[in-house]
Structures are given as structure tokens and as C-alpha cells.
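This report refers to the structure that appears directly beneath it.
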Amino acid sequence: MALVEIRDVRKSFGQVEVLKGVSLEVKEGEIVTIIGRSGSGKSTLLRCINALEKIDSGSITVEGQAVSAGMANLRQFRQRVGIVFQAFNLFPHLTVEKNITLAPLLTKKIGKAEARPLALDVLGRVGLADKIDAWPERLSGGQQQRVAIARCLAMAPHLMLFDEVTSALDPELVGEVLKVMEDMARQGMTMILVTHEMGFARNVANKIVFMHQGKVWEEGPPAELFANPKTPELRSFINSVK
Ligand code: ADP
Ligand code: MG
884 MALVEIRDVR KSFGQVEVLK GVSLEVKEGE IVTIIGRSGS GKSTLLRCIN ALEKIDSGSI
944 TVEGQAVSAG MANLRQFRQR VGIVFQAFNL FPHLTVEKNI TLAPLLTKKI GKAEARPLAL
1004 DVLGRVGLAD KIDAWPERLS GGQQQRVAIA RCLAMAPHLM LFDEVTSALD PELVGEVLKV
1064 MEDMARQGMT MILVTHEMGF ARNVANKIVF MHQGKVWEEG PPAELFANPK TPELRSFINS
1124 VK
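Numbering (our numbering), first residue to last: 884 to 1125.
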């Protein structure tokens, strides 16, 4: 069974249907990149996978468990599925350590003595162990985004969702965040990413999903999809991001 199974998912906001029957499978350890124009439904799909939005019909399962906004054990579910957004969302009044350990202390009931070693461990994985006592505002955007990723890792997720996490960064800071995600991919994390970084999509992803007008328009291995787009919509999208 795939780690994520999405079957014919539909989602409307008011009269506007934003997801029009989306189906997608993500196997354990797979890196899936979702590409597509603004407004095609990419963020909505990620938010549905994390039960931040309620689907109207169809089904989503993660590790065999049906996902819905009203599901039982929502909190435990969210521990297993990390999500990082474009905006860094760090708590400005908390140090890096406290940003990372707040949720594990509250929801995983780890002991106080375990908190700092845990923060050091996950910060080490994003190359920022030396910033454990820093305040978020003293960090660059790239460093803040890496802390946001470390904060997710502290919950030991089984699946990570990334929604355009490098889009708000100055160009010179994009690489360090992509490298952290590449390292996570290499270590076997299952990941679904929405990104405009076509180099990353090409080199790291196992599968590319092109969304268009609320549907999975085309999907396939990166080399194939980029070399032989089957639809004019994907062809024109690829040309627009070159
Ligand atoms: P993408 O991430 O591909 O740019 P989104 O999933 O953010 O696309 O949005 C798809 C469509 O759904 C857009 O037309 C957007 O305006 C609409 N939409 C997204 N979220 C909401 C919401 N909470 N309420 C109303 N409309 C929304
Ligand atoms: Mg979006």
C-alpha cells in the first residue's frame, strides 16, 4: 500500500471547484514534486493531505488512515505529517530552541531534560546547531526556513509537505534550503513539495505531478515529463519557467 493514497478528491470554495477529482499515490521514501500555475490547486491539495481543509468527496489516506478535517486523533496525525509554508511562521518571542521544543514538550510529552538535546539534533540536521539560542529575527530568511524545517523534524514525521518554501527568499538564500531538503530526501523521508525550482524537481524528485485547473494534468518521472510533455498546457508551462 502506498503511504499516501488520494482518490478522486473534490474540493470547492463556495461555488468554485478548486480540486476536480484529484488522484495521486506517494510511496514510502518517494519524493513527489507538484508543479503548475498559480491558482491550479496545489496549496489546497497539500492542505487537504494535512487535514487543514475538509474535502467534499473522494478519499485521502495516509499510512492507511483516512484523513479528514474532523478525524479522530487529529493531533497525533499532524505529528506524523509535517508541513512547511512559504512564510517562516517562527514564534518571534521564542528562541530557536523554544520554537523547536514547544510542540514536542506539549504534545509528545517529552521530558524537559530531553528537549535541548532534541533541538540540537534536529538543528544539526539543518546545519544550524550553533543558532540554538538565537532569536528568529537575528536569522536570515534561509536560516529561519531551516529552523522551521527542524521544528517539523523534531516531531519525527513520517511524511513532509513543503509549499513553496523558497519562494519568499532572496535568491542567494534558496540553495541552502534546497540542500536541506535534498539531504532529507537522501535519508529516505517521504516528501511532497510544491516548488518553482525546476532544477530541484528535475534532480531530486522521483515523480513530477503537473496540476492544471484543479486536476492532475500529467505525471511521470522528471526526465520523461520534461523531455516529452504530452499536453500543450505542460509544454507551455515548461517554456514559461525555463
Ligand atoms: P495554487 O497553490 O496552485 O496557487 P491554491 O490551491 O492556493 O492554488 O488556490 C486554488 C484556487 O482556490 C484559487 O482560485 C484560490 O483563489 C482558491 N482558494 C484557495 N483557498 C481559498 C479559500 N480559503 N477560500 C476561497 N478560495 C480559495
Ligand atoms: Mg500555492
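Using N, Cα and C, we set each Cβ at its ideal position, and we do this for glycine too. Keep in mind that this is a model prediction, so the values were computed, not measured.
According to DSSP, is residue i helix, strand or coil?
i       : result
SER942  : strand
ALA996  : helix
MET1067 : helix
VAL1087 : helix
ARG890  : strand
PHE962  : Strictly speaking, residue 962 in this sequence is Gln, with Phe absent from that position. Reduced to three states, the DSSP call for GLN962 is helix.
ILE1032 : helix
PHE1045 : strand
Given a threshold of 16 other Cβ atoms within 10 Å of its Cβ, counted over all protein chains shown, does residue i qualify as buried or as exposed?
i       : result
MET1094 : buried
ARG1069 : exposed
ASN933  : buried
PHE896  : exposed
ARG1034 : buried
ALA1088 : buried
GLU1101 : buried
GLN959  : exposed
ALA962  : A quick correction: the sequence has Gln, not Ala, at residue 962. The residue is buried, with at least 16 neighbouring Cβ atoms inside 10 Å.
So residue i and residue j are supposed to be a Cβ contact under 8 Å. How far apart are they, rounded?
i       : j      : result
ALA1051 : ALA970 : 7 Å
Got a sec: does ligand 3 put a non-hydrogen atom nearer than 7 Å to the Cβ of residue i?
i       : result
GLU1047 : This structure does not include ligand 3; its bound ligands are ligand 1 and ligand 2.
From which residue to which residue does the beta strand (DSSP E) around residue i run?
i       : result
LYS903  : 899-909
LYS1098 : 1098-1103
ILE917  : 914-918
Which residue marks the beginning of the alpha helix (DSSP H) containing residue i, and which one marks its end?
i       : result
ILE1075 : Taken as a continuous stretch (DSSP letters only), ILE1075 belongs to no alpha helix (DSSP H), being part of the beta strand (DSSP E) at 1073-1077.
Checklist entry - Listed in chain order, which residues are found with a beta carbon closer than 6 Å to a heavy atom of ligand 1? => result That gives PHE896, VAL901, GLY919, SER921, GLY922, SER923, GLY924, LYS925, SER926 and THR927.
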